[in-house]
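Asker: I'd like to ask you about the structure that follows.
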Amino acid sequence: MASSLIRRQFALSLQKNLRLSAPGCRYVSKAAPKTQVEFDYSGPSMKTSVPGPRSQELTKQLGHIQNVGAINFFCNYEESRGNYLVDVDGNRMLDIYTQISSIPIGYNHPALLKLMSNPHNLSTLVNRPALGILPPENFPEKLTESLLSVAPSGMSRVQTMACGSCSNENAYKAMFIWYRNKERGHNTPSDEDLSSCMVNQAPGCPELSILSFMGSFHGRTMGCLATTHSKAIHKLDVPSFDWPIAPFPRLQYPLDEYTRENAQEEARCLEEVEDLIVKWRQRGKPVAGIVIEPIQAEGGDNHASPDFFKSLRNIARKHGCGFHVDEVQTGGGTTGKMWAHEHWGMDDPADIVSFSKKLLTGGYYHKDELQADKPYRIFNTWMGDPSKNLFLSEVLNVIRRENLLEEVTHSGKALLNGLYELQAQYPGILSRARGQGTFCAIDICDDATRNRILIKARDKGVLLGGCGDRSIRFRPSLVFKEYHVHLFLNIFNDVLAQHK
Ligand SMILES: Cc1ncc(COP(=O)(O)O)c(C=O)c1O
């Protein structure tokens with residue numbers, strides 16, 4: 001009797017919180033001021049189901065040229081604005097996936113369009129240099145005002161690259177080069193080093209390894225792929241390195257309700273890391289570097305505590321391994337700080353921090369000692385693109401001018417609270433709501449339901465992404481305000497109510 005009363009009271013207070021009177025009714029926000037994003041649309045507008053007829057026709061056309069299995073629909077980027085992606089059938093969707101988390105300040109931001117119309121920028125936009133040999137006059141200045149202005153603590157050097165994988169691939173090479181020079185005690189290779197490396201043999205190609213974590217995603221090039229363990233489809237049929245793989249903590253959420261259990265789980269994983277480092281040394285394949293995401297993204301939005309990362313950093317130091325933090329997906333402000341590792345509160349968080357996506361250019365920051373000692377060791381034709389640094393400078397100006405990191409923290413809280421409430425409302429469908437800033441996720445009861453929900457939400461004008469086995473990940477741009485959060489929660493509630 002008492003327990004049913006409590007349950008009823010709980011349901012009532014929940015209804016009040018959600019302002020839901022019956023399933024399917026609109027979630028009405030008490031704090032949903034009109035959008036403050038000047039170049040935004042006012043809401044989604046759907047004309048067809050997605051993909052619509054024009055998208056289907058184009059997919060067929062492209063199918064004669066490429067594999068189109070992953071294509072969702074075709075886009076009209078001219079008409080897309082702010083938080084809204086418009087497709088070729090005229091559907092306008094609230095984009096909470098933003099090109100796999102890579103649009104920093106929304107579509108067609110006026111500040112970025114203005115850069116395009118400035119005649120002083122034309123040569124940067126038109127001429128893509130081979131940066132490693134022929135950089136433009138303003139390159140050091142532009143790097144300083146863009147990437148170096150947000151350099152992680154303890155790092156004043158940055159190497160630009162093209163994409164996330166290419167950044168990680170070269171960061172691994174930098175760790176190997178650093179490690180071998182440490183082992184040699186100098187940086188002059190022997191004749192044997194030089195001849196053996198030409199036929200892929202030791203000592204020139206040494207038996208070194210990178211330790212990564214189960215569930216991680218670091219890219220799809222061959223070295224990166226050896227450290228990627230999120231989904232079999234990425235790895236199937238591709239030869240790989242025999243490198244150590246440690247368990248990533250599998251935490252319970254909300255984190256503050258399970259501190260004891262989670263600390264035990266993290267301690268278990270850290271112990272395993274040390275064991276693996278010792279074992280691999282004994283096997284003659286010492287660990288030159290450890291690579292980790294601050295939040296495992298593609299692998300299912302798996303979090304770990306600042307204490308876990310601090311301990312891991314110390315383990316790397318103790319065993320002489322480089323510590324590489326892959327911020328390709330977490331970097332650029334989405335967690336409410338420019339870098340997710342800032343949440344750990346460390347002065348010396350890493351030896352290498354790689355980035356791409358919201359930073360527009362790929363690359364990695366590194367400690368001085370990880371600077372390659374000779375030219376052409378870390379090198380490719382383009383080594384980034386100065387036009388991307390130009391855009392990035394302006395993105396950073398907008399972030400500062402509009403306090404977007406604070407805004408992200410604010411809308412992230414509203415998003416996570418909304419997810420907690422919906423999770424209480426739909427316990428048979430939703431669980432494990434989690435997040436930092438707007439970098440949030442929630443689990444769905446099973447993979448098939450997750451996929452159906454993603455499609456239903458899209459047909460109602462909300463674009464979301466999946467990750468892990470059965471999670472939905474939220475990856476809006478930094479101009480996703482509380483107004484958009486409530487807009488999304490309303491639609492998500494409708495989708496869930498239909499699923500009940
Ligand atoms: C954490 C992380 N590292 C690396 C990559 C690879 O980046 P790219 O797809 O640009 O090669 C990704 C891509 O999603 C990522 O999320």
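Read in order, the letters of the sequence shown are residues 1 to 500 in full-length UniProt numbering. Just so it is clear, CB atoms sit at the ideal spot from N, CA and C, and this is done for glycine as well. Quantities reported herein were computed from a predicted structural model and do not represent experimental measurements.
Which one or two residues does DSSP pair with T160 in a beta bridge?
Answerer: In the sequence shown, residue 160 corresponds to position 160, counting from 1. Bridge partners of T160: G363.
Asker: Pick out the complete alpha helix (DSSP H) segments inside the region 445 to 500, 4 residues or longer, and give them in chain order.
Answerer: Complete alpha helix (DSSP H) runs here, min 4: 447 to 459, 482 to 499.
Asker: With a 10 Å radius around its C-beta and 16 neighbouring C-beta atoms as the bar for buried, classify N493 as buried or exposed.
Answerer: Locating residue 493 in the sequence shown gives position 493, where the first residue counts as 1. With 16 or more other Cβ atoms within 10 Å, it is buried.
Asker: List, from N- to C-terminal side, the alpha helix (DSSP H) runs of 4 residues or more that fit wholly inside the region 207 to 277.
Answerer: If we require 4 residues or more, the alpha helix (DSSP H) runs fully inside the region 207 to 277 come out as 222 to 225, 232 to 235.
Asker: Rounded to whole angstroms, how far is the Cβ of I315 from the Cβ of L270, which I believe are closer than 8 Å?
Answerer: On the sequence shown, position 315 is the one that residue 315 refers to. On the sequence shown, position 270 is the one that residue 270 refers to. So it is a contact: roughly 7 Å between Cβ atoms.
Asker: Does V199 come out as helix, strand or coil in the three-state DSSP assignment?
Answerer: Working through the sequence shown from its first residue, we reach residue 199 at position 199. V199 falls in the coil class under three-state DSSP.
Asker: In the DSSP assignment, what are the bridge partners of Q423?
Answerer: Position 423 of the sequence shown, counting from 1, holds the residue named residue 423. Paired residue(s): none; Q423 is not in a bridge.
Asker: Once DSSP output is grouped into helix, strand and coil, what is the label at F139?
Answerer: For the purposes of this step, residue 139 is taken as residue 139 along the sequence shown, with counting starting at 1. F139 falls in the helix class under three-state DSSP.
Asker: Can you check which of these residues, A171, K60, H499, is closest to H324 by C-alpha distance?
Answerer: For the purposes of this step, residue 324 is identified with residue 324 of the sequence shown, where counting begins at 1. Nearest of A171, K60, H499 to H324, Cα basis: A171.
Asker: Pick out every residue whose C-beta is nearer than 6 Å to a heavy atom of ligand 1: which are they, in chain order?
Answerer: Having a Cβ closer than 6 Å to some heavy atom of ligand 1 are I100, C163, G164, S165, N168, F217, H218, G219, E293, A297, E298, D326, V328, Q329, S356.
Asker: Closest to L430 by CA distance: which of M338, L419, L415 is it?
Answerer: One-based indexing of the sequence shown puts residue 430 at position 430. Selected option, being the one with the closest Cα: L419.
Asker: Relative to the C-alpha of E78, which candidate in Y179, P53, P140, L113 has its C-alpha closest?
Answerer: The residue labelled residue 78 in the question sits at position 78 within the sequence shown. Nearest C-alpha to E78: L113.
Asker: On the three-state DSSP scale, how would you describe L430?
Answerer: What you label residue 430 is simply residue 430 of the sequence shown in a count that begins at 1. If DSSP states are grouped into helix, strand and coil, L430 belongs with the strands.
Asker: Less than 7 Å between the beta carbons of R157 and D385, yes or no?
Answerer: Working through the sequence shown from its first residue, we reach residue 157 at position 157. Working through the sequence shown from its first residue, we reach residue 385 at position 385. Taking 7 Å as the Cβ cut-off, R157 and D385 do not qualify as a contacting pair.
Asker: Taking the continuous alpha helix (DSSP H) assigned at M93, which residues delimit it?
Answerer: In the sequence shown, counting from the first residue as 1, residue 93 sits at position 93. Counting along the chain, M93 falls outside any alpha helix (DSSP H), though it belongs to the beta strand (DSSP E) covering 92 to 95.
Asker: Checking the sheet assignment: what are the DSSP bridge partners for D443?
Answerer: Locating residue 443 in the sequence shown gives position 443, where the first residue counts as 1. D443 pairs with S431, S471.
Asker: For I436, write down the residues that DSSP places opposite it in a beta bridge.
Answerer: Looking up residue 436 in the sequence shown gives position 436. It should be noted that the sequence gives Gln, not Ile, for residue 436. In the DSSP output, where bridge partners are listed per residue, Q436 has F439.
Asker: Ignore the nearest five residues each way along the sequence and tell me which others in S387's own chain have a CB closer than 7 Å to its CB.
Answerer: To locate residue 387, count along the sequence shown from 1; it is residue 387. Once the five neighbours on either side are set aside, the close Cβ partners of S387 are T124, L125.
Asker: Just to confirm my understanding: we take residue 501, look at its own chain, exclude 5 residues before and 5 after, and list those with CB closer than 7 Å. What are they?
Answerer: In the structure as shown, the chain starts at 1 and stops at 500, and residue 501 therefore has no counterpart that could be examined.
Asker: Between the alpha carbons of G435 and N108, how many angstroms are there, rounded?
Answerer: The count along the sequence shown starts at 1 and reaches residue 435 at position 435. The count along the sequence shown starts at 1 and reaches residue 108 at position 108. Roughly 27 Å between the two C-alpha positions.
Asker: What does DSSP give as the partner residues of H324 in its beta bridges?
Answerer: On the sequence shown, residue 324 is found 324 positions in, with the first residue counted as 1. H324 is bridged to V291, I352.
Asker: Among residues of its own chain, excluding the 5 on either side of P102, which ones have a beta-carbon nearer than 7 Å to its beta-carbon?
Answerer: Here residue 102 refers to the residue found at position 102 when the sequence shown is read from its first residue. Per the sequence presented here, residue 102 reads as Ser, with Pro not at that position. Result list for S102: K357, K358, in chain order.
Asker: Just to confirm, are I105 and P476 a CB contact at a threshold of 7 Å?
Answerer: Translated into positions along the sequence shown, residue 105 becomes position 105. Translated into positions along the sequence shown, residue 476 becomes position 476. The answer is no: Cβ separation not under 7 Å.
Asker: Exposed or buried, Q264, counting other C-beta atoms within 10 Å across all chains shown (16 or more means buried)?
Answerer: Position 264 of the sequence shown holds residue 264. Exposed, since its Cβ has fewer than 16 Cβ neighbours within 10 Å.
Asker: Roughly how far, in whole angstroms, is the beta-carbon of residue 501 from the beta-carbon of E261, given that I think they are within contact range, below 8 Å?
Answerer: With the chain covering only 1 through 500, there is no way to say anything about residue 501.
Asker: Return yes when the Cβ of S230 is within less than 7 Å of the Cβ of E298, no when it is not.
Answerer: Counting from one through the sequence shown, the residue named residue 298 turns up at place 298. Counting from one through the sequence shown, the residue named residue 230 turns up at place 230. Result yes, Cβ atoms of E298 and S230 sit closer than 7 Å.
Asker: Quick one, are the C-beta atoms of Q159 and G363 less than 7 Å apart?
Answerer: Within the sequence shown, residue 159 is the residue found at index 159, counting from 1. Within the sequence shown, residue 363 is the residue found at index 363, counting from 1. Going by C-beta atoms, Q159 is nearer than 7 Å to G363.
Asker: Along the chain, where does the beta strand (DSSP E) that runs through L370 open and close?
Answerer: On the sequence shown, residue 370 is found 370 positions in, with the first residue counted as 1. No beta strand (DSSP E) holds L370; DSSP gives it neither H nor E.
Asker: Counting pairs of Cβ atoms below 8 Å between the region 39 to 59 and the region 77 to 91, do you hit three or more?
Answerer: Yes, they touch.
Asker: Based on Cα-Cα distance, which residue from N302, S167, P206, V495 lies nearest to S216?
Answerer: Locating residue 216 in the sequence shown gives position 216, counting from the first residue. Taking only the C-alpha atoms, the option nearest S216 is N302.
Asker: Hey, could you find the ends of the alpha helix (DSSP H) L392 is sitting in?
Answerer: Position 392 of the sequence shown, counted from the first residue, corresponds to residue 392. First-last of the alpha helix (DSSP H) with L392: 386 to 401.
Asker: Do you know how far the Cα of A288 is from the Cα of G320?
Answerer: Within the sequence shown, residue 320 is the residue found at index 320, counting from 1. Within the sequence shown, residue 288 is the residue found at index 288, counting from 1. Taking the straight line joining both Cα atoms gives about 8 Å.
Asker: Locate the beta strand (DSSP E) running through D85, then write down its first and last residues.
Answerer: The sequence position of residue 85 within the sequence shown is 85, counting from 1. The question names Asp, yet the displayed sequence has Leu at residue 85. Note, L85: beta strand (DSSP E), 84 to 86.
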